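There are 2 protein chains.
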Amino acid sequence: MTEPTYTIGEMSADFDVTPRTLRFYEYKELLRPIREGQKRLFTPACRARLSLILRGKRFGFSLDEIKDLLDLYEIGDGQVTQLAATLQAAEHHRGELLAQRAELDQAISDLDDQMRLVRDMLDAKGTQRAAE
Amino acid sequence: MTEPTYTIGEMSADFDVTPRTLRFYEYKELLRPIREGQKRLFTPACRARLSLILRGKRFGFSLDEIKDLLDLYEIGDGQVTQLAATLQAAEHHRGELLAQRAELDQAISDLDDQMRLVRDMLDAKGTQRAAE
DNA sequence: GTCATCCTTGACGTGAACGTCAAGTATCGC
DNA sequence: GCGATACTTGACGTTCACGTCAAGGATGAC
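Residue numbers (this note's numbering), protein chains in the order written: chain Y, 157 to 288; chain Z, 157 to 288.
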């Protein structure tokens, strides 16, 4: 069973990005599709990487930051020191994600407070009108 | 007790942004400092808004999106329809934040999986060397 | 063969979010 | 009064993340 491959058109349709974006990510060394003649062929591994890239973007990371993070998911059975460094970088990234989640929870809680306030105001206005 | 005010220099120092950034946010109508002659004076309310702006940025929102969100925290005892609309927008935003948190949890979980993998590889290499 | 379709590599354009001068004003210490 | 410091308004420059042509190559349908 040989790995399926995808053209740039299929990829852009599947992930809702333009071909230009995919070429740009390759130029930025975030993706490394294989070549068949001139054409790019994207592998399942490419798709996984692209998923990570898009997720990173949704979290507000820059492409440069994402490029570094991608290495955390690409372990080429390297040296022990290599692996240890990867692990440490991963711990660091994990810390950032946890901090981001904490801040996100705070944001949600703040919003909830605000919504409660607005609801109270609406209630007040409602009873006010009902009393007329 | 009158409200304290802050110069643009104090603000930029406190929030670790440049004066240019604060002027830019005013130009974009994200901030409305009061004026004393030529000079801008930032109020505690401005500081609160700036906090929200910077938080929004960390979550990957654009300044335009943030501008809309700021209105959710600025209820000028408007009309009932106004308040109701605000509430609905807030619900929508809340949904987005919850989705973002879910994705963040997934990202953390994925990273944990990956770290476990790396640790296993390190263990394997360790016992391998120990057996020599 | 040729037409359509999809791909390719340049190369220049664009919007967002500021950075970076330049030139002038206001205030404070001395 | 005078220099230092902090502020002001332009106005042009920059970086990131692509968008948008232009010009051309490969492949399949007819």
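Yeah, the Cβ is synthetic: ideal placement off N, Cα and C, and Gly gets one too. In this text the structure is predicted, and so the values were computed from the model without any measurement.
In the three-state reduction of the DSSP assignment, K184/Z falls in the coil class.
Using a Cβ-Cβ cut-off of 8 angstroms, Q244/Z is close to nothing in chain Y; its nearest Cβ partner there is about 10 angstroms away.
The Cβ neighbour count for P189/Y, taken over all protein chains shown within 10 Å, is at least 16; the residue is labelled buried. For the segment 209-225 of chain Z, the set of positions with a beta-carbon nearer than 7 angstroms to some beta-carbon of chain Y reads R211, R214, F215 and G216 in chain order. With respect to chain Z, the C-beta atom of Q194/Y has no partner C-beta closer than 8 angstroms. Using a CB distance below 9 angstroms, the part of the segment 243-277 of chain Z facing chain Y consists of L243, A246, E247, H249, R250, L253, L254, Q256, R257, E259, L260, D261, Q262, A263, I264, D266, L267, D268, Q270, M271, L273, V274, R275 and M277, ordered along the chain. In the DSSP assignment, I209/Y falls outside any beta strand (DSSP E) and lies within the alpha helix (DSSP H) extending over P200 to R214. With a beta-carbon spacing of about 6 angstroms, F198/Y and T161/Y fall inside the 8 angstroms limit used to define contacts. Taking a 10 Å sphere around the C-beta of H249/Y, we find 16 or more other C-beta atoms and assign the residue as buried. Shown here for R196/Z: same chain residues with a beta carbon closer than 6 angstroms to its own, the five before and five after excluded, namely I164 and P189 in chain order. Q235/Y counts as exposed, since fewer than 16 other beta carbons sit within 10 angstroms of its beta carbon. A Cβ of chain Y is located within less than 8 angstroms of the beta carbon of D233/Z.
Inter-segment contact for the segment 208-215 of chain Z and the segment 258-270 of chain Y is present: three or more beta-carbon pairs are separated by less than 8 angstroms. Within the same chain, S168 come within 7 angstroms of T174/Y by CB-CB distance, once the 5 residues on both sides are set aside.
Separation of C202/Y and F217/Z (C-alpha to C-alpha, rounded to the nearest whole angstrom) is 27 angstroms.
Taking a C-beta distance under 8 angstroms as the contact criterion, D233/Z and M277/Y qualify as a contact pair.
The beta carbons of E259/Y and R214/Z sit about 7 angstroms from each other, so the pair counts as a contact at 8 angstroms. Just measuring C-alpha positions, the residue of D170/Z, T158/Z, D224/Z and A204/Z sitting nearest K184/Z is D224/Z.
Annotation for L197/Z: the continuous beta strand (DSSP E) segment containing it runs K195 to L197. Under the three-state reduction of DSSP output, E192/Y falls in the strand class.
At a Cβ-Cβ threshold of 8 angstroms, I231/Z and L186/Z do not count as neighbours. Around E159/Y, the same chain offers T199 and P200 as residues with beta carbons nearer than 8 angstroms, after the five sequence neighbours per side are excluded. Under DSSP, no beta-bridge partner is assigned to Y229/Z. Rounded to the nearest whole angstrom, the C-alpha separation of R176/Z and E182/Z is 10 angstroms.
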